[in-house]
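Numbering (my numbering), first residue to last: 192 to 417. Glycine is no exception: its CB is placed at the ideal position from the N, C-alpha and C atoms. This report concerns only the one structure given below.
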């Protein structure tokens, strides 16, 4: 009887040791299956920010993790601007975008080796807008440069009056928007202007309408293709 009692008493520590080993194995297995999610993408909001010269606006970074869950990032985000003469950006989670000069700059947000970019437009308050030339003629598939300017100064005696980098040109024929003529800013022109290409437009007259952020003013030109 006493022998069986002594043998039985040794089973408890052995059982506890075995249980500890099982728990450790389960814990290791769990750590292998449940990995902390990592950042997979960043979105800059707003996606096309605009700000007036000498004012600021807030940008936010929205992150999506590998588990599909998303949230606004409050830290760990690095911000940069491609042209600090146009816009500066500072922040760690959200950021402050400040307009320095009229134009566009690429804003980049980075975190955990993930990056995102957005084009920021910096505009100035204008009292007038113009476009030059107002009635050019080109042949099919040719290009035409348009200078968009403020304060009716087509000679650009004040270089700050050049609105071309921030302007949008819309092409219409009658009431129909035309896609066969495309316009985009070209910094290599002198002065930098909007360059319109009549890639597949047929002969006729087209209306080029210039608009500028922060203003409801418009300027128009007639482009003749013949």
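*Do residue 335 and residue 387 have their C-beta atoms within less than 7 Å of each other?*
yes
*Is it true that the segment 251-263 meets the segment 289-298, where meeting means three or more beta-carbon pairs spaced less than 8 Å apart?*
no
*Taking only the alpha-carbon atoms, compute the straight-line gap between residue 258 and residue 308 and give it to the nearest angstrom.*
23 Å
_Own chain, CB closer than 6 Å to residue 410, minus 5 neighbours either side, in chain order_ = 320, 321, 322 and 401
*Under 7 Å, do residue 273 and residue 297 count as touching if we go by C-beta distance?*
yes
_Alpha-carbon to alpha-carbon, residue 399 and residue 412_ = 5 Å
_Cα-Cα separation, residue 219 to residue 271_ = Per-residue confidence for residue 219 stands at a pLDDT of 49, beneath the threshold of 50, marking its modelled position as unreliable; the derived number appears in the next sentence. Cα to Cα, the separation comes out at about 41 Å.
_According to DSSP, is residue 377 part of a helix, a strand, or is it coil?_
strand
*Measuring alpha carbon to alpha carbon, tell me which of 331, 417, 285 and 337 ends up nearest residue 248.*
285
*Between the CA atoms of residue 417 and residue 235 - distance to the nearest angstrom*: 44 Å
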